[in-house]
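Residue numbers (the UniProt record's numbering): 1 to 293.
Positions of the beta carbon are idealized from the N, C-alpha and C atoms, including for glycine.
Remember, it's a predicted structure, so these values are computed and weren't measured experimentally.
One structure below.
Right, dumping it as structure tokens:
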């Protein structure tokens with residue numbers, strides 16, 4: 001019997017983006033700008049990165065800006081290794097957030113990402129779709145000082161804006177599953193418990209993540225959602241979930257173990273680990289099942 005009592009000491013590496021290495025750009029001949037904007041380039045680069053990392057999973061997209069851009073965020077997409085760069089906040093005043101519309105999944109980079117998922121699935125790859133949470137997205141649309149002033153003085157407007165973003169993400173996740181994503185990798189780093197504090201987390205950022213995940217729970221088919229370890233730990237600390245280890249045989253990488261969970265009717269969410277560790281052999285062979293409250 002393995003002892004998993006110390007499994008909850010999750011330490012985040014602080015890296016949420018899938019940075020495209022220089023070697024991939026050189027070997028494929030695909031510029032980073034194309035890998036961020038064109039479905040064929042996205043799919044090829046994703047698979048090449050999988051091979052380079054000796055991983056079992058292809059991941060898309062390679063940045064945290066796709067959803068915010070689809071809502072109207074202003075980003076410059078060049079050849080920087082760090083990915084698309086925020087040009088400036090779309091909304092200058094909190095009242096302008098009322099103008100936010102839901103994401104159109106049929107145009108722009110977000111459509112290219114979804115189509116790239118389909119291309120990879122046609123090649124029988126195991127595909128991860130990276131999705132950012134509502135609070136992270138809103139923080140890419142308006143500066144943090146205005147956002148926190150809005151939380152204090154215009155809670156109703158912040159709530160309605162986050163609800164629109166949540167509704168868009170619900171559709172995005174379902175379409176990702178429909179396109180063939182095996183794993184939805186979900187994180188909301190800007191809304192993390194350690195950054196916003198327990199009150200705002202329970203009432204706003206964590207609540208909207210919880211509500212979103214609860215909504216998609218019955219629509220995942222054979223896919224699963226992998227919660228960022230910081231998100232799942234924060235959920236457990238604030239009562240949004242409980243967790244338990246599902247033991248697997250020794251010698252598996254974390255990616256191989258997650259793939260074993262696909263299609264299990266009793267598992268919709270996993271977490272408490274970092275999805276960036278999928279190429280590594282697990283020291284404690286278990287996947288943490290997350291059950292929402």
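Bridge partner(s) assigned by DSSP for residue 58: For the purposes of this step, residue 58 is taken as the residue at position 58 of the chain shown. Listed as beta-bridge partners of residue 58 by DSSP are 127.
Close Cβ partners of residue 43 (< 6 Å) along its chain, the five nearest in sequence each way excluded: The sequence position of residue 43 within the chain shown is 43, counting from 1. Excluding residues within five positions, the ones whose Cβ falls inside 6 Å are 116, 119, 120.
Sequence ranges, beta strand (DSSP E) only - wholly within the stretch 17–103, length at least 3: 57–60, 74–76, 85–88
Host alpha helix (DSSP H) of residue 208 (start-end): As a first step, residue 208 must be located in the chain shown, where it is residue number 208. Looking at the DSSP string, the run of the alpha helix (DSSP H) that includes residue 208 is 206–216.
Test item: CB-CB of residue 220 and residue 177 under 9 Å: For the purposes of this step, residue 220 is identified with residue 220 of the chain shown, where counting begins at 1. For the purposes of this step, residue 177 is identified with residue 177 of the chain shown, where counting begins at 1. Going by C-beta atoms, residue 220 is nearer than 9 Å to residue 177.
With 16 other Cβ atoms within 10 Å as the buried cut-off, status of residue 145: By 1-based counting over the chain shown, the position of residue 145 is 145. With fewer than 16 other Cβ atoms within 10 Å, it is exposed.
Stretch pair the stretch 78–89 + the stretch 155–162: three plus CB contacts closer than 8 Å: no
N-terminal and C-terminal residue of the alpha helix (DSSP H) that residue 138 is part of: If you number the chain shown from 1, residue 138 lands on position 138. Taken as a continuous stretch (DSSP letters only), the alpha helix (DSSP H) holding residue 138 covers 134–138.
Integer-rounded CB distance, given that residue 103 should sit under 8 Å from residue 168: Along the chain shown, one-based indexing puts residue 168 at 168. Along the chain shown, one-based indexing puts residue 103 at 103. Contact holds; Cβ gap of about 4 Å.
Cα-Cα separation between residue 40 and residue 111, rounded to whole angstroms: Within the chain shown, the letter at position 40 stands for residue 40. Within the chain shown, the letter at position 111 stands for residue 111. In a straight line, the C-alpha of residue 40 is about 12 Å away from that of residue 111.
Residue interval of the beta strand (DSSP E) (run including residue 247): Here residue 247 corresponds to residue number 247 of the chain shown, with the count starting at 1. Boundaries of the beta strand (DSSP E) around residue 247: 241–247.
Residues near residue 279 by beta carbon distance below 7 Å, same chain, minus five either side: Looking up residue 279 in the chain shown gives position 279. Excluding residues within five positions, the ones whose Cβ falls inside 7 Å are 53, 54, 55, 253, 255.
Inter-residue Cα distance where the pair is residue 97 and residue 161: Within the chain shown, numbered from 1, the residue matching residue 97 stands at position 97. Within the chain shown, numbered from 1, the residue matching residue 161 stands at position 161. Rounded to the nearest angstrom, the two C-alpha atoms are 6 Å apart.
Nearest-angstrom beta carbon gap, residue 172 and residue 105 [assumed within contact, 8 Å]: Taking the chain shown and counting its residues from 1, one reaches residue 105 at position 105. Taking the chain shown and counting its residues from 1, one reaches residue 172 at position 172. Yes, residue 105 and residue 172 are in contact; Cβ-Cβ is about 6 Å, under 8 Å.
Cβ neighbours of residue 288 in the same chain (closer than 8 Å, five flanking residues each side left out): Mapped onto the chain shown, residue 288 falls at position 288. So the list reads 7, 232, 243, 244, 245, 246, 270, 271, 272, 273, once near-sequence residues are dropped.
Identity of the residue in 267, 251, 263 nearest residue 282 by Cα: Residue 282 sits at position 282 when you count from the first residue of the chain shown. If we check each option's Cα against that of residue 282, 251 comes out closest.
Close-in-space but distant-in-sequence residues of the same chain around residue 99 (CB under 7 Å, 5 per side omitted): In the chain shown, residue 99 corresponds to position 99, counting from 1. No residues qualify anywhere along the chain.
Cross-strand partners of residue 186 (DSSP beta bridge): What you label residue 186 is simply residue 186 of the chain shown in a count that begins at 1. According to DSSP, which records beta bridges pairwise, residue 186 is partnered with 131, 227.
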